[in-house]
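Residue numbers (this note's numbering): 247 to 558.
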């Protein structure tokens with residue numbers, strides 16, 4: 247899907263150099279179709295890096311996807327140029343009357359805090375409630391998934407003995423699910439988190455369906471039975487060096503962290519990691535857009551939120 251993004255967004259040059267199909271606003275205006283409207287609530291401190299990672303995964307299929315970026319009004323990011331936020335991000339007050347085909351809520355480095363202690367928690371709860379009426383399908387990632395499961399279904403997160411960081415093997419529990427259509431029986435995905443949600447807690451909620459787990463990393467993917475909410479506890483969008491950068495950053499901070507598992511060849515941090523999750527990550531995002539957004543969203547965008555969904 248060619249992603250339609252602002253002409254001056256820094257990510258556009260990176261993506262074009264990677265031969266990824268990016269559609270400028272000018273070109274998109276000359277196509278007589280309704281693009282999918284996608285909202286990304288970017289809670290990560292490294293805004294531009296996360297933008298680029300997600301845009302890679304949302305690109306390269308025949309349809310238009312019109313991207314908007316959302317920031318929290320109740321919190322000011324300290325790791326990005328204010329001019330970048332002013333130029334490319336909107337706030338909830340500006341878009342609360344809008345309707346979107348899809349939305350992504352990213353992770354955030356606040357896992358060790360109680361949800362209610364996060365400074366923007368009340369605003370995030372308002373946004374998550376708003377998705378029930380104004381967004382056709384919402385994809386929650388890592389802490390965003392834990393936050394969504396806690397808010398919508400009362401599922402608590404649990405502290406891990408040590409950080410879950412590395413590349414882990416997963417199995418698909420629901421092979422017929424369109425979310426994992428085209429996947430191998432086993433696949434690898436990156437994880438980077440201090441907390442987890444438990445499989446037993448999920449299985450107690452009839453509105454949820456568990457889709458994929460890892461023997462080492464635990465729950466990976468689940469969704470609501472009506473397909474309106476998808477939850478991913480890992481980071482399929484990560485670049486090849488993201489876990490390495492996080493590991494060296496934590497060491498520089500003096501934190502006691504283990505080498506990311508199954509990531510560096512022979513556990514040698516000086517070696518270049520071998521990327522073995524890129525294809526499955528691309529397929530996962532494409533499946534979400536195709537089966538849970540494009541093929542079921544109303545053509546009249548104002549009807550989003552009132553439609554009945556369902557399926558596999």
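No residue lacks a Cβ here, since even glycine has one placed at the ideal position from N, Cα and C.
None of these values were measured; they are calculated from a predicted model.
Where do the ends of the beta strand (DSSP E) carrying residue i lie?
i	result
residue 415	404-418
residue 459	454-460
residue 434	432-442
residue 464	464-470
residue 477	475-478
Just tell me which of the options has its CA closest to the CA of residue i.
i	options	result
residue 551	348, 497 and 438	348
residue 422	464, 458, 345 and 335	458
residue 395	427, 417 and 474	474
residue 402	310, 344 and 447	447
residue 316	429, 509, 285 and 440	285
residue 389	400, 337 and 352	352
residue 461	476, 472 and 437	437
residue 310	283, 297, 493 and 287	283
residue 404	382, 371, 383 and 361	361
residue 502	508, 440, 255 and 464	440
residue 327	478, 256, 340 and 528	256
residue 531	463, 369, 467 and 431	467
residue 509	493, 498 and 500	493
residue 417	433, 452, 442 and 312	433
residue 480	392, 356 and 370	392
Tell me the DSSP bridge mates of residue i?
i	result
residue 315	286 and 335
residue 386	351 and 477
Check whether the Cβ of residue i lies closer than 8 Å to any Cβ atom in chain B.
i	result
residue 420	The displayed structure is made up of one protein chain only, and chain B is not part of it.
Over what stretch of residues does the alpha helix (DSSP H) that includes residue i continue unbroken?
i	result
residue 448	445-449
residue 294	293-303
Handout entry: Contiguous beta strand (DSSP E) assignments of at least 3 residues, all confined to the stretch 328-381
Key = 346-351
Exercise for the section: Please determine if the stretch 472-492 and the stretch 409-417 are in contact, where contact requires at least 3 C-beta pairs separated by less than 8 Å. Expected result: yes
Exercise for the section: Assess, as a yes-or-no matter, whether the stretch 531-547 is touched by the stretch 344-361 under the definition of 3 or more beta carbon pairs within less than 8 Å. Expected result: yes
Handout entry: Inter-stretch contact (C-beta, 8 Å, three-pair minimum) for the stretch 363-370 and the stretch 292-312
Key = no
Problem - Cβ contact (3+ pairs, closer than 8 Å) linking the stretch 278-296 and the stretch 331-347 - result: yes
Problem - the stretch 366-381 / the stretch 419-434 touching (three or more Cβ pairs under 8 Å) - result: no
Practice task
Output the residue ranges of the alpha helix (DSSP H) runs that lie fully inside the stretch 474-527 and measure 4 residues or longer, sorted by chain position.
Solution key: 488-498
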